[in-house]
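Each remark here refers to the structure printed beneath this line.
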């Protein structure tokens, strides 16, 4: 913590941030290139954006990718929430630990293994590859992260809250909907959010189970990148970067909003109790 | 609440059976089938007796090791310094942000940066070294893989350092330890769990980054992942692909065993 160290520390941080962001901004910068290469910037132009918006095939792929991500994260959140409740309620330690280990298998497996084993799975049962197989795979690999986001919240919840509700005559559904769900809702939100980004980002698993007729954005970008540079892809990355920023800002505001609302409610309650 | 748990647990249990257990069983089962459809140990024999597969596996492990080491060397100081900054949560968010950019797009950016007339070669020409072949080399594969994995290494180490009790560091200083002693005897051992988690999260995917070996490595580096993808989607030899898959799963289990417990991520108590 000497003063002269201070300078170097910050220089190092700047270096790491530059390293992390330079390739991304390089990509975004050339999307405005009037030329067609990622190496010579001739002049500013929107032409690659115009090309992108005229490319109906690409737009269809973007919409499909978003649809998959929305549906997969929604279903994964529902199943994952139920799963977290199951694991939470299991009392026997060995059973709880084995359920957790099974849950984490897909978290630690390499994408290639997940993709290959799902491909065998779908083929084995004669399931047609396409939209449905991609959707099922995305649900499947998103469930464990949802469970892992919700379980800590459940473990933080005091059992006395549930007991009190039961003593006061709440039905099972009322206990769940009025006590448990409101308490774990930040975990559910975080889980949904993670599942959404997992689905949006996935390439390897989709690549294995997509078959011929259906494509997501990652698969399409891979195909185009193998053919070489097309600045339409750069234009697309700029839009995706902005989308990610909006998503993060939205998530941040949403969590801020729910916590402030909860705090306000508590103040109101305290004001009522203390006249 | 208890009597309903069996009922609402059904979808989750179905998921466990269909998408966790069944695929693992199937990949193990498939690994015993030759391309002709006969059931035998032939794939395993080929794997262990032909030098090609073993050499490929060692190669893949070596590259994963280099990538992990490079990532660790860059990430540890970063995580450490980040912890001392004022708005550390904001900085951390900025470290995580690049992971939100699709991996394929990041790889694609490097095709431009490393190309013959790309940014790096411009720089090399400028300082008088002259242009080099950068794309489609082993070095470029390692660099891009490390670039992609850095945030995943910083995050667990950052958390481990954040949990470190500062009074321990003060105590060590008060007792006359030098900066290096404080680091090697106090800080590093206490943050070792974060490092282990980081190694797990980086090493295992590094064994299977097949898209990078194709786009950046120019098929010069064959990782276990590339081999599996090749067998499944190109040569259609699913049996051999599954055999390599089983080897990769065993390697994964071994790594988890060596680096301690499962990924520490809330959940477990």
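Protein chains in written order, with the numbering used here: chain A, 1 to 275; chain B, 1 to 269.
Think of the CB as a built atom: it goes at the ideal place given N, C-alpha and C, for glycine as much as any other residue.
Beta-bridge pairing by DSSP links residue 39/B to 33/B. Within chain B, the residues 94, 95, 97, 98, 147, 150 and 151 have their CB atoms less than 9 Å from the CB of residue 20/A, given in chain order. Below the 8 Å Cβ cutoff, chain A contributes 82, 85 and 86 as neighbours of residue 8/B, in chain order. At a cut-off of 8 Å between C-beta atoms, residue 203/A counts as an interface residue with respect to chain B.
For secondary structure counted as the alpha helix (DSSP H) over 4 or more consecutive residues, the region 114-184 of chain B holds these complete runs in sequence order: 119-126, 138-163 and 166-174. Rounded to the nearest angstrom, the gap between the Cα atoms of residue 37/A and residue 240/B is 40 Å.
Excluding its 5 nearest sequence neighbours in each direction, residue 140/B has C-beta neighbours in its own chain below 8 Å: 110, 114, 134, 216 and 217, listed in chain order. Nearest neighbour of residue 213/B by Cα position, chosen from 168/B, 132/B, 33/B and 59/B, turns out to be 59/B. One alpha carbon belongs to residue 73/A, the other to residue 8/A, and they sit about 43 Å apart.
In the displayed model, residue 83/B falls within coil according to three-state DSSP, outside both helix and strand. Every unbroken stretch of the alpha helix (DSSP H) spanning 4 or more residues and falling wholly within the region 194-267 of chain B is given here in chain order: 210-215, 224-229 and 238-258. By alpha-carbon distance to residue 21/B, the top candidate from 78/A, 148/A, 187/A and 105/A is 105/A. Within the region 86-116 of chain A, complete alpha helix (DSSP H) segments of at least 4 residues are found at 93-108, given in chain order. A direct Cα-to-Cα measurement between residue 271/A and residue 261/A gives close to 15 Å.
In this structure, residue 145/A sits away from residue 27/B, with a CB-CB distance that is not shorter than 8 Å.
Among the residues of the region 99-133 of chain B, those with a Cβ less than 9 Å away from any Cβ of chain A are 99, 100, 101, 102, 103, 104, 105, 106, 107, 108, 109, 110, 111, 112, 113, 115, 116, 117, 118, 119, 121 and 122, in the order of the chain. In the three-state scheme derived from DSSP, where H, G and I count as helix and E and B as strand, residue 32/A is classed as coil.
The shortest CA-to-CA distance from residue 46/A to any of 56/A, 60/A and 29/A is the one to 29/A. Nearest C-alpha to residue 193/A among 129/A, 149/A and 107/A: 149/A. With its beta carbon less than 8 Å from one in chain A, residue 78/B belongs to the interface. Taking a cut-off of 8 Å for Cβ pairs, the region 65-81 of chain A and the region 128-147 of chain A touch, as three or more such pairs fall below it. Ranked by how close their Cα comes to the Cα of residue 162/A, the residues 175/A, 195/A and 152/A have 175/A in first place.
When the alpha-carbon of residue 203/A is set against those of 31/B, 179/B and 229/B, the nearest one is in 229/B. Taking the CA atoms as reference points, residue 110/A sits about 16 Å from residue 67/B. For residue 157/B, the CB contacts under 7 Å within the same chain, skipping 5 residues up- and downstream, are 75, 76, 79, 191, 194, 195 and 198 in chain order. Between residue 162/B and the set 250/B, 149/B, 182/B and 89/B, the nearest pair of CA atoms involves 89/B. The C-alpha of residue 235/A is placed about 50 Å away from the C-alpha of residue 158/A. In terms of Cβ geometry, residue 245/B and residue 113/A form a close pair [threshold 8 Å]. For residue 219/A, same chain residues with a beta-carbon under 8 Å away, outside a window of 5 residues either side, are 203, 206, 207 and 210 in chain order. Note on geometry: alpha-carbon atoms of residue 243/A and residue 200/A lie some 11 Å from one another.
Under the three-state reduction of DSSP, residue 19/B is assigned to helix. Proximity of chain B to residue 208/A at the Cβ level (cut-off 9 Å) is accounted for by 229, 232 and 233, in chain order. It is roughly 27 Å from the alpha-carbon of residue 171/B to the alpha-carbon of residue 13/A. Burial is judged here by how many other beta carbons sit within 10 angstroms of a residue's own beta carbon; residue 238/A has at least 16 and is buried. Residue pairing by DSSP places residue 44/A opposite 33/A in a beta bridge. In this structure, residue 222/B lies away from residue 252/B, with their beta-carbon atoms at least 8 Å apart.
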